[in-house]
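In this note's numbering, the protein residues as written are 2 to 173.
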């Protein structure tokens, strides 16, 4: 059974390499760079990344490389949203840094329970348990958990109980 997945993955990569990268990466290269720099220097993200590296199993392309890509993209998207809403320029104030941290936590943790039957719900519960040991507010932990709960492709999203625009942005 593994051979078929290897062949499918190889074919998928051949298809992807025929196309240029999305315009987002060119148009917002500053945000991509900012997200990468934050990912490589923020002490909370460094600690969580170490934890994820130790505990995440690779599941047909949903291992650490995938988690890092999702994390960097989420951080870049949040940086763009923060820059557009605050007009602070292409740097982040302390509150915006916290929002990037929150989405990067969600990116790192989103597939931790990938092998569970309902991995999104299991991952959300797991994130709550893990993140209680990190310097995040209860609201931030809930934002991460709800984003993970709603990340499953090809499923309807669940009602989001967060009442803040920031929480909704993380889930989006």
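Don't be surprised by glycine CBs; every beta carbon is placed ideally from N, CA and C. Predicted model only: the values in this text are computed from it and were never measured.
Assigned exposure category for residue i - 16 Cβ within 10 Å defines buried
i           : result
residue 114 : buried
residue 191 : The question about residue 191 has no answer here: the residues shown for the chain are numbered 2 through 173.
residue 8   : exposed
Start-to-end residues for the alpha helix (DSSP H) that takes in residue i
i           : result
residue 6   : 3-17
residue 120 : 120-132
residue 33  : 30-42
residue 137 : From DSSP, residue 137 is part of no alpha helix (DSSP H); its letter is neither H nor E.
residue 64  : That residue, residue 64, is in no alpha helix (DSSP H); it is neither H nor E in DSSP.
Whether residue i touches residue j by CB criterion (8 angstroms)
i           : j           : result
residue 150 : residue 121 : yes
residue 65  : residue 54  : yes
residue 68  : residue 33  : no
Residue i versus residue j: straight-line alpha-carbon distance, rounded
i           : j           : result
residue 36  : residue 80  : 7 angstroms
residue 155 : residue 112 : Low local confidence applies: a pLDDT of 45 at residue 155 is under 50, so the model's placement there is unreliable, with the coordinate-based value given in what follows. When rounded, the distance between both Cα atoms is 16 angstroms.
residue 95  : residue 10  : 40 angstroms
residue 135 : residue 45  : 7 angstroms
residue 38  : residue 58  : 25 angstroms
residue 40  : residue 26  : 17 angstroms
residue 119 : residue 127 : 12 angstroms
residue 116 : residue 109 : 16 angstroms
Near the ligand SAH: residue i beta-carbon under 7 angstroms from a heavy atom
i          : result
residue 98 : Looking at this structure, you won't find the ligand SAH or any other ligand, since it has none at all.
Whole-Å CB distance - residue i paired with residue j, under 8 angstroms assumed
i           : j           : result
residue 43  : residue 102 : 6 angstroms
residue 131 : residue 52  : 7 angstroms
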